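S.K.: Chains as they are written, first to last, in our numbering: chain L, 4 to 170; chain Y, 4 to 170. For every residue, glycine included, the Cβ atom is placed at its ideal position computed from N, Cα and C. If you're wondering where the values come from, they're calculated on a predicted model, not measured in any experiment. Below are the structure tokens for one structure; questions will follow.
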DNA sequence: CCGAGATGTTTGCCTGTTCAAACACTTCGG
DNA sequence: CCGAAGTGTTTGAACAGGCAAACATCTCGG
């Protein structure tokens, strides 16, 4: 661990670009949504997930998993959106422990109002600037990294160095 | 604006993957650094920038710009790092308004201790999983998006619809 | 049918972030 | 050389998010 392979200049460039891109993209979309629809990008993603769910309702855990939110984060986000009237919560009829988050009429109206502008913004800064091949490359690359993250998590969870399999 | 071109399934997949990837990568690296070096990814980037700067010192504004930090965010981050002894601040000799942030000895030691593990982690989840072509594709794609973001910012700053140029 | 452990959700506390306003110094036209 | 406008930095107040502990409910083995 004292002397790893450092990043090559190309790798470093890709890495810095990627980090900057994530930050700035998120900032840009946050601004756009804040200005045009008085909500954050995180709120938008949450409402968007609900809007495409069957019955426009999803269990809290499932929703948190989709959004990559902490459970406590989701709880608070849903409470805020509930106070604003865009989301309603009810108990999961199938499991008394669970809660369902459900999009209200007002929530659907908000999405109907916000979605076009948001999609236009995403198109403007991302997809209209990329060729179809690049879109596909991006999808592949990110999927690869996601898989490798999942792999890393699993390896970390089972501390290894105790190789059960090769007895 | 009432009916934009929606995202195609491929675009949507690339988009969701990208967002998930940003979030999870950042979480992963945050965890790794917090565990192995008791700092955050944001702190690491800050110290890393200083460590490669001439004299290991950089003006606050310049540093903020490089890191894509708000100025106030940078101020507070530097104050924290100063309290921990990793950074020192002094007035910019060339401009009495400016402050310089400078890496201390302790800061350099921290980086020497943390950097190998961090680079290894980045390699593990990103670059070891990608082919050289993919690294190049990623660099190109992110650079393209960054350029288009910059473009969009400029257009928003000069509200347009008042085309000075075509008189 | 009971209790232990698993699973789902929320809460308390603390840290980090933002926005806007304040503050400090510099520059430049008159 | 003065003061207004510009640039660089910090501060105050409010809020979002993470972690760990608490709470609620379910599931099973005995």
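1. Let me confirm a value: residue 110 of chain L is counted as buried when at least 16 other C-beta atoms fall within 10 Å, else exposed. Which label applies?
2. Compare the C-beta of residue 55 of chain Y against all C-beta atoms of chain L and say whether one is closer than 7 Å.
3. Please confirm whether residue 122 of chain L and residue 13 of chain Y have their CB atoms less than 7 Å apart.
4. Below 8 Å CB to CB, which residues in the same chain sit around residue 166 of chain L once its five sequence neighbours on both sides are set aside?
5. Since residue 97 of chain Y and residue 66 of chain Y are thought to touch, with beta carbons under 8 Å apart, how far apart are those beta carbons, to the nearest angstrom?
6. Step through the CB atoms of chain L and report whether any lies within less than 7 Å of the CB of residue 169 of chain Y.
7. Kindly indicate if chain L contains any beta-carbon less than 7 Å away from that of residue 31 of chain Y.
8. Going by alpha carbons, who is nearest to residue 45 of chain Y out of Y:29, Y:17, Y:68, Y:55?
9. Name the chain L residues whose beta carbon is nearer than 8 Å to that of residue 52 of chain Y?
10. Contact criterion: CB-CB distance below 7 Å. Does residue 23 of chain L meet it with respect to chain Y?
11. Do you know offhand how far residue 153 of chain L's Cα is from residue 147 of chain L's?
12. Should residue 8 of chain Y be labelled buried (16 or more other beta-carbon atoms within 10 Å of its own) or exposed?
13. Using 8 Å as the threshold, is the segment 10-24 of chain L in touch with the segment 85-95 of chain L, meaning 3 or more CB pairs across them?
14. Could you tell me the boundaries of the beta strand (DSSP E) in which residue 90 of chain L lies?
15. Pull out every residue of the segment 7-19 of chain L whose Cβ sits closer than 8 Å to any Cβ of chain Y, in chain order.
16. If you run the structure through DSSP and keep just helix, strand and coil, what is residue 103 of chain Y?
17. Whose C-alpha, out of Y:17, Y:41, Y:63, is nearest the C-alpha of residue 113 of chain Y?
18. Is the distance from the Cβ of residue 16 of chain L to the Cβ of residue 118 of chain Y below 7 Å?
19. Give the single residue among L:140, L:68, L:129, L:89 whose Cα lies nearest to the Cα of residue 116 of chain L.
20. Please compile the residues from chain Y whose C-beta is within a distance smaller than 7 Å of the C-beta of residue 78 of chain L.
21. The alpha helix (DSSP H) with residue 149 of chain Y in it runs from where to where?
22. Assuming contact is defined by CB atoms lying nearer than 7 Å, are residue 69 of chain Y and residue 52 of chain Y in contact in what I supplied?
23. What did DSSP end up calling residue 45 of chain Y once you bin it into helix, strand or coil?
24. Throw me the rounded Cβ distance for the residue 79 of chain L and residue 85 of chain L pair, which I believe falls under 8 Å.
M.R.: So, from the listed chains and residues:
1. As a position in the first chain, residue 110 of chain L is number 107, starting the count at 1. By the C-beta density criterion, residue 110 of chain L is buried, having at least 16 other C-beta atoms within 10 angstroms.
2. Position 52 of the second chain, counted from the first residue, corresponds to residue 55 of chain Y. Residue 55 of chain Y does not count as touching chain L.
3. Position 119 of the first chain, counting from 1, holds the residue named residue 122 of chain L. Position 10 of the second chain, counting from 1, holds the residue named residue 13 of chain Y. Contact flag unset, no.
4. Your numbering for residue 166 of chain L matches position 163 in the first chain. With a pLDDT of only 47 at residue 166 of chain L, under the threshold of 50, the placement of this residue in the model should not be trusted; the figure read from the coordinates follows. Excluding residues within five positions, none has a Cβ falling inside 8 Å.
5. The residue you call residue 97 of chain Y lines up with position 94 of the second chain. The residue you call residue 66 of chain Y lines up with position 63 of the second chain. In fact, because the Cβ distance is near 15 Å, the residues do not count as touching under 8 Å.
6. As a first step, residue 169 of chain Y is located in the second chain; it is residue number 166 there, counting from the start. The pLDDT assigned to residue 169 of chain Y is 40, lower than 50, so where the model puts this residue is not dependable; a value taken from the coordinates is nonetheless given after this. No, no contact with chain L.
7. Residue mapping note: residue 31 of chain Y aligns to position 28 of the second chain, counting from 1. Residue-level contact check: residue 31 of chain Y touches chain L, since one or more beta carbons of chain L fall below 7 Å from its beta carbon.
8. Here residue 45 of chain Y refers to the residue found at position 42 of the second chain. The shortest C-alpha separation from residue 45 of chain Y is found at Y:29.
9. Reading the second chain from its first residue, position 49 is the one you call residue 52 of chain Y. Chain-order list of chain L residues neighbouring residue 52 of chain Y: empty, with the shortest C-beta distance near 10 Å, by a criterion of under 8 Å.
10. Start at 1 with the first residue of the first chain, and residue 23 of chain L comes out as number 20. Yes, contact with chain Y.
11. Position 150 of the first chain holds residue 153 of chain L. Position 144 of the first chain holds residue 147 of chain L. Taking the straight line joining both Cα atoms gives about 10 Å.
12. Walking along the second chain from the start, residue 8 of chain Y turns up at place 5. Within a 10 Å sphere around the beta-carbon of residue 8 of chain Y sit fewer than 16 other beta-carbons, which makes this residue exposed.
13. Taking 8 Å as the limit for Cβ pairs, the verdict is that the segment 85-95 of chain L does not touch the segment 10-24 of chain L.
14. Residue 90 of chain L sits at position 87 when you count from the first residue of the first chain. It spans 90-94 - the beta strand (DSSP E) in which residue 90 of chain L sits, taken as one unbroken run.
15. 7, 8, 9, 10, 13, 14, 16, 17, 18
16. As a first step, residue 103 of chain Y must be located in the second chain, where it is residue number 100. Taken through DSSP and simplified to helix, strand or coil, residue 103 of chain Y comes out as strand.
17. Counting from one through the second chain, the residue named residue 113 of chain Y turns up at place 110. For the residues Y:17, Y:41, Y:63, the minimum Cα distance to residue 113 of chain Y belongs to Y:41.
18. As a first step, residue 16 of chain L must be located in the first chain, where it is residue number 13. As a first step, residue 118 of chain Y must be located in the second chain, where it is residue number 115. Not a contact, by the Cβ cut-off of 7 Å.
19. The residue labelled residue 116 of chain L in the question sits at position 113 within the first chain. Residue L:89 is the option with its Cα nearest to residue 116 of chain L.
20. Position 75 of the first chain holds residue 78 of chain L. For a Cβ distance threshold of 7 Å, nothing in chain Y lies close to residue 78 of chain L: the least Cβ distance comes to about 18 Å.
21. The sequence position of residue 149 of chain Y within the second chain is 146, counting from 1. It spans 135-160 - the alpha helix (DSSP H) in which residue 149 of chain Y sits, taken as one unbroken run.
22. Mapped onto the second chain, residue 69 of chain Y falls at position 66. Mapped onto the second chain, residue 52 of chain Y falls at position 49. It is a contact, given that the beta carbons lie within the stated cut-off.
23. One-based indexing of the second chain puts residue 45 of chain Y at position 42. If DSSP states are grouped into helix, strand and coil, residue 45 of chain Y belongs with the helices.
24. By one-based count along the first chain, residue 79 of chain L stands at place 76. By one-based count along the first chain, residue 85 of chain L stands at place 82. Wrong, their Cβ atoms sit about 10 Å apart, outside the cutoff.
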